[in-house]
Amino acid sequence: MFHFTDEQKMIQEMVGRLGRDEIGPLAEKADISGYSSPEVVRLLADNGLLKMSLPTEYGGIGANHTTIALVVEELAKVDASTAMIVFVNQTLPQILGDWGNKEQKARFFGRMSSGDKINAFSLTEPNFGSESASIQTRAVREGEHYVVNGTKIFVSNGDIADFVTVVVRTGEGERHRGLSALIVEKGTNGFSVGKHENKMGLRGTNLAELIFEDAMVPKENMVGEPGKGWDILMTTAADFRAYGPGAMGVGLAQGALDYAVKYAKQRVQFGVPIADHQAIRFMLADMCIKIEAARSLLYRTTMMTDSGSSEWNMQSRLTSGIKCFASDVAMGVTIDAVQILGGYGVMKDHPVERMMRDAKMIQIFDGSNQIQRVIVARTLLT
Ligand SMILES: Cc1cc2nc3c(=O)[nH]c(=O)nc-3n(C[C@H](O)[C@H](O)[C@H](O)COP(=O)(O)OP(=O)(O)OC[C@H]3O[C@@H](n4cnc5c(N)ncnc54)[C@H](O)[C@@H]3O)c2cc1C
5 MFHFTDEQKM IQEMVGRLGR DEIGPLAEKA DISGYSSPEV VRLLADNGLL KMSLPTEYGG
65 IGANHTTIAL VVEELAKVDA STAMIVFVNQ TLPQILGDWG NKEQKARFFG RMSSGDKINA
125 FSLTEPNFGS ESASIQTRAV REGEHYVVNG TKIFVSNGDI ADFVTVVVRT GEGERHRGLS
185 ALIVEKGTNG FSVGKHENKM GLRGTNLAEL IFEDAMVPKE NMVGEPGKGW DILMTTAADF
245 RAYGPGAMGV GLAQGALDYA VKYAKQRVQF GVPIADHQAI RFMLADMCIK IEAARSLLYR
305 TTMMTDSGSS EWNMQSRLTS GIKCFASDVA MGVTIDAVQI LGGYGVMKDH PVERMMRDAK
365 MIQIFDGSNQ IQRVIVARTL LT
């Protein structure tokens with residue numbers, strides 16, 4: 005049994021209530037529009053959820069991975085898009101916390117203390133997705149600046165972000181050698197937002213193209229030493245997979261199961277609620293078992309990270325494992341939830357239709373599930 009602190013339980017309950025009462029009812033509208041809801045973003049800011057991983061000395065909550073996962077799980081039960089906005093927002097404070105210098109922490113954390121700043125993380129390019137080590141966006145040092153040129157795509161929160169952590173190529177070394185991380189601020193000369201993606205799921209989270217044309221980024225915005233980009237990706241960024249897509253998958257699946265259970269108890273066919281038909285019961289039971297297994301793996305993983313474990317191989321196995329497993333569970337469970345609702349399940353009057361589309365996205369972003377399996381296998385074989 006996992007032990008959550010009283011504070012964690014309190015945050016979980018508060019966010020559960022916020023999700024049910026205020027965020028859930030806004031989810032459908034954002035899904036139809038294909039844009040993040042400003043109302044949702046304001047609710048998240050007002051409740052301190054955009055600055056969860058910001059250290060307390062800068063006015064943040066100083067939440068660890070387990071607490072963030074609890075929050076993301078609760079939000080995903082009603083709206084995975086909102087959970088995604090929250091998860092992505094934690095990335096920059098985490099990266100700066102691990103890799104930033106004193107001056108950067110004071111400068112960026114100070115500005116995040118207002119609680120309404122939006123962050124994004126940008127790695128993917130048109131020609132390099134899974135093969136992230138080969139990205140081509142280049143940053144060249146010229147005096148007091150890095151001059152950045154290239155195009156990034158599929159950036160969550162990208163067009164509403166105040167700060168974007170951009171992985172760029174600074175060195176001449178091949179593939180992962182020569183990558184660095186730069187913080188690019190909204191309004192930077194030469195930096196603009198391109199296409200807004202019209203996607204199948206997670207439609208309440210913006211996904212944008214970012215364009216860099218001789219963008220002038222102050223040299224002080226380099227996180228860690230030049231050339232440390234790959235190390236940042238392999239450590240801090242790899243850990244995002246648990247409290248991000250891992251927790252999203254668990255919450256989304258739980259939300260779909262809860263809805264299916266309620267429906268199965270009410271829908272009568274052949275004179276009895278469909279929940280009385282064994283075929284439906286067994287589906288519900290299997291959905292529940294998979295979710296409990298995913299939840300156990302999720303909190304085992306976040307608690308391992310929070311304990312400061314240095315078992316790198318196991319850490320890598322678990323963060324990739326939970327991303328892969330929870331999103332596969334979410335996909336299977338949401339498909340079953342739609343099946344349990346029958347014809348009504350594919351109508352937009354019920355949220356399971358949206359949940360099924362959202363689940364598909366989680367299998368792809370933050371490294372596809374094939375790539376996660378490649379990583380898990382590597383931990384076994386090397
Ligand atoms: C909703 C959403 C949000 C996203 N948010 C962000 C974000 O905030 N920041 C960001 O940088 N990116 C983001 N992405 C991009 C995402 O991380 C990539 O889409 C993902 O890594 C896959 O890259 P790709 O789409 O280029 O697919 P490709 O790399 O072209 O892969 C295509 C297919 O081939 C498979 N494949 C590729 N290589 C291998 C291999 N070696 N072994 C087995 N199978 C392989 C893949 O699994 C996939 O099925 C987001 C994507 C989505 C859909």
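Numbers in our numbering are just positions in the sequence shown, counted from 1, shifted up by 4.
Here a beta-carbon is modelled for each residue, glycine too, at the ideal position from N, C-alpha and C.
Note that the structure is a prediction, hence the values are computed from the model and not measured.
### Task
May I ask you to list the residues that DSSP assigns as paired with ARG173?
One-based indexing of the sequence shown puts residue 173 at position 169. Under DSSP, ARG173 forms a beta bridge with ARG142, LEU183.
### Task
Starting from GLU298, follow the alpha helix (DSSP H) in both directions and report where the run begins and ends.
Translated into positions along the sequence shown, residue 298 becomes position 294. For clarity, residue 298 is Ala in the given sequence; the question names Glu instead. Going by DSSP, ALA298 is part of the alpha helix (DSSP H) stretching over 282 to 310.
### DSSP-derived helix/strand/coil call for ILE65
In the sequence shown, residue 65 corresponds to position 61, counting from 1. Of the three classes helix, strand and coil, the one that applies to ILE65 here is coil, per DSSP.
### Query
Helix, strand or coil for ILE215 per DSSP?
In the sequence shown, residue 215 corresponds to position 211, counting from 1. Strand.
### Message
Can you confirm whether the region 245 to 259 touches the region 267 to 283 when touching is taken to mean that 3 or more C-beta pairs between the two stretches lie within less than 8 Å?
### Response
Flag = no, the region 267 to 283 and the region 245 to 259 do not touch.
### Query
Going by DSSP, which residues form a beta bridge with GLN402?
Absent from the structure is residue 402, since the part of the chain shown begins at 5 and ends at 386.
### Message
Among the candidates LEU127, GLY23, GLU189, GLU78, whose CA atom is the shortest distance from the CA of VAL172?
### Response
Numbered from its first residue, the sequence shown carries residue 172 at position 168. Residue LEU127 is the option with its Cα nearest to VAL172.
### Query
Would the beta-carbon of VAL170 be found less than 7 Å away from any heavy atom of ligand 1?
Stepping through the sequence shown from its first residue, residue 170 is reached at position 166. With a cut-off of 7 Å, the C-beta of VAL170 is classified as distant from ligand 1, since no heavy atom of the ligand falls inside that distance.
### Message
Spatial neighbours of ALA67 within its chain, please: C-beta separation below 7 Å, excluding the five flanking residues on both sides.
### Response
Working through the sequence shown from its first residue, we reach residue 67 at position 63. Leaving aside the five residues that flank ALA67 on each side, the residues in its chain whose CB is nearer than 7 Å to its CB run, in chain order, MET56, SER57.
### Query
Over what stretch of residues does the beta strand (DSSP E) that includes VAL151 continue unbroken?
For the purposes of this step, residue 151 is taken as residue 147 along the sequence shown, with counting starting at 1. In the DSSP assignment, VAL151 falls within the unbroken beta strand (DSSP E) covering 149 to 160.
### Query
Does DSSP put LYS199 in a helix, in a strand, or in coil?
Sequence index remark: in the sequence shown, residue 199 carries index 195 (1-based). Of the three classes helix, strand and coil, the one that applies to LYS199 here is strand, per DSSP.
### Query
How do the region 28 to 44 and the region 100 to 109 stand: do at least 3 beta-carbon pairs fall below 8 Å, yes or no?
Contact fails: fewer than three Cβ-Cβ distances are below 8 Å.
### Task
Could you tell me whether the Cβ atoms of LEU322 and ARG299 are closer together than 8 Å?
Within the sequence shown, residue 322 is the residue found at index 318, counting from 1. Within the sequence shown, residue 299 is the residue found at index 295, counting from 1. With a cutoff of 8 Å on beta-carbon distance, LEU322 and ARG299 are scored as not near each other.
### Message
Just verifying my parser: in three-state terms, what is the DSSP assignment at GLU224?
### Response
Your numbering for residue 224 matches position 220 in the sequence shown. In this structure, GLU224 counts as helix in the three-state DSSP scheme.
#### Entry: ASN193 - DSSP class collapsed to helix/strand/coil
Residue 193 sits at position 189 when you count from the first residue of the sequence shown. Judged by DSSP in its simplified three-state form, ASN193 adopts coil rather than helix or strand.
### Task
Counting only the same chain and skipping the five closest in sequence on each side, list residues whose C-beta sits under 6 Å from that of ILE122.
Residue 122 sits at position 118 when you count from the first residue of the sequence shown. Taken in chain order, the residues that qualify are ASN161, ILE164, ALA165, ASP166.
### Query
At a cut-off of 7 Å, is LEU74 close to ligand 1 when judged by its beta-carbon and the heavy atoms of the ligand?
Locating residue 74 in the sequence shown gives position 70, counting from the first residue. Checking every heavy atom of ligand 1 against the Cβ of LEU74, none is found closer than 7 Å.
### Message
How far does the beta strand (DSSP E) with SER320 in it extend, from its first residue to its last?
### Response
On the sequence shown, position 316 is the one that residue 320 refers to. SER320 -> not in any beta strand (DSSP E); alpha helix (DSSP H) instead, spanning 316 to 345.
### Task
Output the distance between the C-alpha atoms of VAL144 and LEU206, rounded to the nearest integer angstrom.
What you label residue 144 is simply residue 140 of the sequence shown in a count that begins at 1. What you label residue 206 is simply residue 202 of the sequence shown in a count that begins at 1. Their Cα atoms are separated by approximately 35 Å.
### Message
Using 8 Å as the threshold, is the C-beta distance between GLU26 and LEU47 below it?
### Response
Numbered from its first residue, the sequence shown carries residue 26 at position 22. Numbered from its first residue, the sequence shown carries residue 47 at position 43. With respect to LEU47, GLU26 sits close: the two C-beta atoms are nearer than 8 Å.
#### Entry: Residue environment, ARG179, which counts as buried when at least 16 other CB atoms sit within 10 Å
Here the question's residue 179 lines up with position 175 in the sequence shown. ARG179 is exposed by the Cβ-count criterion.
### Query
Beta carbon of MET318, beta carbon of THR338: below 8 Å?
Indexing the sequence shown from 1 puts residue 318 at position 314. Indexing the sequence shown from 1 puts residue 338 at position 334. Their beta carbons are not under 8 Å apart, which means MET318 does not touch THR338 by this criterion.
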